[in-house]
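In what follows, a structure is listed as structure tokens, so that the remarks can point back to it.
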Amino acid sequence: MIKRYIFFVISIIILFSCATQFTYYSNLKNLMSAENYTQADALIEENKLKEYGEKNALLYWMDKGAVLHYAGKYEESIFALTKAEKLAEDLYTKSISEEAATFLTSDSARSYAGEDFERIFINVFLALNYLLLEKYEDALVEARKVDHKLKTLQVDYSGKNVYKEDAFMRYLTGILYESQSEFNDSFVSYRKSIKEYTENKKIYHFEIPQDLLIRSLKVAKKLGFREEFEEINSNFKLNFNYNNTKYETDKGEVIVFFYNGFAPYKIDHYIEVTFGEGWAYVGSVKVEGDAQKDVQKAKQIARSIASNEQFLVAFPKFVPSENKVSYVIVDFYDSNQNKVLSQKSFLVEDIETIAIKNLEDRISKIRVKAIARAAIKYALSRAVSEKLTEKSDELSKWLVKKALQATATATEQADKRSWRTLPKEIQLITSTLTPGSYKAEISFYDKNNVLLQKKTIPNITIKPNKKTFFITRAYL
């Protein structure tokens, strides 16, 4: 009887811990939505041990790095994200051996090593930090790391993964090379970006950025690549004339990165599995250490369990965060307060879709492990219930059996950790302007073209043949 209450208490503790994590991120997002990044960073620090701890150290550094980036503290963000990058590499290496040794432990009880796409976006945001500090060579180093990591993923998934290339990073790399007048490398990057935006419609389901196409034409003309110019011009029906196209050097450019919303978060997705079906997965998993004894014990008990008995298994599933803002329009005013240009933002990176597709790439492996583990725990719970009810009546045996099964289900929750302070998506606003001083007024609209809020970026200085970068954020 006492053990039944112990199991009940354990279940309540697990459910309570999930609720506290939900409350923590709710509070963090509220501070970020108010653009109170100082308090948001303070909240992260305050909860370094309580909400993160050693198991979630990677999430701590990623969340901290993201908040500092939005706050414009790019050097501090670089420090945090560099810590995250090193830790992610160490954990990824350790997780392969740790997984077999701690097989019967819930995934959420192990150190969080990050999703594939999260490890890549550490370098994406490091590149953006360096770019905003005008450290373009350092930004290019991070871009090359993204390329290397994506190639490694293709090897790990035998080329069957959806997230093979990052079109936005290719696009951004082209802009970086262009800002350094390395036009040949810039054109190569633009061509690769166009190819990925065009071919990978599972992730890049939106319209290819016209700015990317026009940049590729102007750089092609600069290099004298007429054949490539005409190919892009014809394929995308741009109607540019090669002889009349000019690469302007007398004007400057402002590029605004617009981070919209919050990345998706994970929930438990439960399915019912029969014991016979679940037990078939046990032979396909590798275990080490003490877990081997438990598996052997479970195998002895499995023969006495009816194959049609059922248990629940939980898998992680990404669901979108609510978001009202659809796009922004930026109006530029000169020093005399005259509006000189108005530009609408365009989508370049859909992090939400990347997260969902990236998890789908590895969900089969997660399912095999989760079902096998749940089947083994189900068998072991049967042994415990028989031991506890040796001298009990049938009703007591039934109650203990159900209590143990409920406990096994409660402890077999999916690993719902993720980098929740990432944006849902990244949009760009690019504008070519005559050198001078400007003010930018940013208007945020929903999908029905209703104005939701406005922000202002004062004192933008545009220099000839130079790119100026800014970031803005929407949380609605």
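All residue numbers for the sequence shown refer to this note's numbering, where the first residue is 490 and numbers rise by one.
Ideal placement from N, C-alpha and C gives every residue a C-beta, glycine not left out.
Discussion item. Between the alpha carbons of Lys913 and Val814, how many angstroms are there, rounded?
Written reply: So the two alpha carbons sit approximately 11 angstroms from each other.
task: Check each candidate in Thr687, Ile567, Gln643 and Lys690 and name the one with the smallest Cα separation from Glu631.
output: Ranking Thr687, Ile567, Gln643 and Lys690 by Cα distance to Glu631 puts Ile567 first.
Between which two residues does the beta strand (DSSP E) harbouring Ala709 extend?
For Ala709, there is no enclosing beta strand (DSSP E); the residue is part of the alpha helix (DSSP H) that begins and ends at Gln699 to Leu712.
Assuming Tyr822 and Lys928 form a contact by the criterion Cβ under 8 angstroms, report the distance between their Cβ atoms to the nearest whole angstrom. Contact annotation, Tyr822 with Lys928: C-beta distance approximately 5 angstroms; criterion of less than 8 angstroms satisfied.
So the alpha helix (DSSP H) Thr957 belongs to, where does it begin and stop?
No alpha helix (DSSP H) contains Thr957, which is instead part of the beta strand (DSSP E) from Lys956 to Ala963.
| Based on the DSSP secondary-structure assignment, which residues constitute the bridge partners of Tyr927? | Answer by DSSP bridge pairing, in chain order: Ile949.
| query | Is the distance from the Cβ of Val771 to the Cβ of Ala864 below 8 angstroms? | reply | It is a contact, given that the beta carbons lie within the stated cut-off.
**Study point:** Backbone CA spacing between Tyr748 and Glu623 [nearest angstrom]
**Key:** Rounded to the nearest angstrom, the two C-alpha atoms are 19 angstroms apart.
**Proximal residues to Ile502 (C-beta, below 6 angstroms), its chain only, five neighbours per side dropped** = Residue placement at Ile502 cannot be trusted, given a pLDDT of 43 that sits under 50; what the coordinates show is reported in the next sentence. Within the same chain, Ile502 has no close Cβ partners at all.
Inter-residue Cα distance where the pair is Tyr731 and Phe718: Computed Cα separation, rounded: 7 angstroms.
| request: Could you check how far apart the C-beta atoms of Ala787 and Ala656 are, in whole angstroms? I think they sit under 8 angstroms. | output: Not really, about 47 angstroms apart at Cβ, beyond 8 angstroms.
Q. Between Ser675, Ala803, Val774 and Asn722, which lies nearest to Glu761 when the distance is taken from Cα to Cα?
A. Looking from the CA of Glu761, the closest CA among Ser675, Ala803, Val774 and Asn722 belongs to Ala803.
*asked:* Using a Cβ-Cβ cutoff of less than 8 angstroms, which residues in the same chain neighbour Ile491 once the five nearest sequence positions on both sides are dropped?
replied: Because the pLDDT of Ile491 is 40, which lies under 50, any placement of that residue in the model is unreliable, and the question is left without a value.
Taking three-plus beta-carbon pairs below 8 angstroms as touching, is the stretch 661-680 in contact with the stretch 704-722?
-> The stretch 661-680 is in contact with the stretch 704-722.
* Does the beta carbon of Asn536 come closer than 8 angstroms to any beta carbon on chain B? -> This model lacks chain B altogether; it includes just one protein chain.
Exercise. Quick one: Cα of Val980 to Cα of Gln789, how far?
Worked result: There is simply no residue 980 to check, as the chain begins at 490 and stops at 965 in what is shown.
Are the stretch 604-623 and the stretch 572-583 touching by the rule of at least three beta carbon pairs closer than 8 angstroms? Contact between the stretch 604-623 and the stretch 572-583 is established, with three or more Cβ pairs separated by less than 8 angstroms.
Pull up the distance between the alpha-carbon of Ile697 and that of Val808, whole angstroms please. Each residue's alpha carbon lies about 25 angstroms from the other.
In three-state terms, what does DSSP make of Thr910? Note: Thr910 maps to coil in three-state DSSP.
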